[in-house]
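Here is the structure we will look at, set down as structure tokens.
Residue numbers (full-length UniProt numbering): 1 to 256.
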């Protein structure tokens with residue numbers, strides 16, 4: 001049995017699924033035979049393109065895109081209601097939606113801090129709370145995989161982002177402790193630098209420094225992060241719970 005085979009007919013929900021890591025997770029899950037729902041703040045050509053790819057990989061009507069802001073409790077409730085209405089259940093939830101507002105601490109505005117926490121941490125809390133409620137009603141367990149960052153250990157110019165990711169680690173481990181006996185499993189994938197829209201706009205000097213700091217001398221591809229997520233979502237990772245699994249190309253060891 002392959003890792004991908006264990007995802008067949010599972011219902012997977014991904015936040016921030018229209019681009020970058022989230023998009024890669026959506027497509028990887030579809031390729032593994034899952035039914036996939038994802039949210040983005042706005043629906044449009046990008047989400048339409050993802051749905052087209054999902055249906056080409058998994059079959060017609062096996063993809064669902066929902067407009068939702070994860071920082072909005074009502075949007076999160078509507079998201080899960082739409083998923084359950086379409087697919088009847090939820091098996092795997094991937095917390096990927098996130099924003100950043102880089103600035104030194106003394107230049108970080110309260111508004112910027114609140115925005116980051118609202119999306120990255122409060123949003124994850126709202127998603128996890130509803131997911132766990134669904135898992136408990138279904139009575140067959142479930143998986144939560146959240147995307148975190150090395151910034152969870154603290155990072156220059158990332159007071160808000162680091163706080164949100166550190167909080168996400170604590171939230172994940174709390175879920176693992178509270179609901180592990182119900183076969184509800186929660187883990188993180190800690191990433192370093194990934195080839196996304198954000199890193200594509202780094203200047204050459206910064207890109208060179210980042211590559212030199214990474215033992216593999218390259219950034220991750222979104223598909224490589226998606227592979228780690230799908231492993232944690234699969235039955236093959238059934239005894240991994242409350243962990244932060246590193247997918248940083250070795251950068252974590254250097255940073256420590």
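No residue lacks a Cβ here, since even glycine has one placed at the ideal position from N, Cα and C.
All values reported here derive from a predicted model rather than from experimental measurement.
For residue i, three-class secondary structure by DSSP
{"i": "residue 166", "result": "helix"}
{"i": "residue 89", "result": "coil"}
{"i": "residue 21", "result": "helix"}
{"i": "residue 180", "result": "helix"}
{"i": "residue 33", "result": "coil"}
{"i": "residue 141", "result": "coil"}
{"i": "residue 160", "result": "helix"}
{"i": "residue 99", "result": "coil"}
{"i": "residue 72", "result": "coil"}
{"i": "residue 234", "result": "coil"}
{"i": "residue 219", "result": "coil"}
{"i": "residue 63", "result": "strand"}
{"i": "residue 57", "result": "helix"}
Distance CB(residue i)-CB(residue j) smaller than 8 Å
{"i": "residue 99", "j": "residue 142", "result": "no"}
{"i": "residue 228", "j": "residue 189", "result": "yes"}
{"i": "residue 215", "j": "residue 249", "result": "yes"}
{"i": "residue 225", "j": "residue 29", "result": "no"}
{"i": "residue 75", "j": "residue 69", "result": "yes"}
{"i": "residue 72", "j": "residue 121", "result": "no"}
{"i": "residue 83", "j": "residue 14", "result": "no"}
7 Å Cβ shell around residue i - same chain, five flanking residues per side excluded
{"i": "residue 162", "result": "151, 152, 154, 155"}
{"i": "residue 124", "result": "95, 146, 168, 171"}
{"i": "residue 126", "result": "70, 73, 76"}
{"i": "residue 240", "result": "187, 232"}
{"i": "residue 244", "result": "148, 169, 188, 190"}
Proximal residues to residue i (C-beta, below 8 Å), its chain only, five neighbours per side dropped
{"i": "residue 158", "result": "100, 102, 151"}
{"i": "residue 191", "result": "21, 147, 148, 149, 150, 220, 225, 247, 248"}
Residue i versus residue j - alpha carbon distance
{"i": "residue 210", "j": "residue 186", "result": "30 Å"}
{"i": "residue 170", "j": "residue 133", "result": "19 Å"}
{"i": "residue 56", "j": "residue 27", "result": "10 Å"}
{"i": "residue 46", "j": "residue 19", "result": "8 Å"}
{"i": "residue 50", "j": "residue 138", "result": "28 Å"}
Sequence-distant residues of the same chain with beta carbon closer than 6 Å to residue i, five excluded per side
{"i": "residue 113", "result": "160"}
{"i": "residue 16", "result": "22, 96, 97"}
{"i": "residue 80", "result": "130"}
task: Evaluate the contact criterion for the region 27 to 40 versus the region 52 to 69: three or more CB pairs, one atom per stretch, below 8 Å.
output: Contact between the region 27 to 40 and the region 52 to 69 is present, because at least three Cβ pairs lie under 8 Å.
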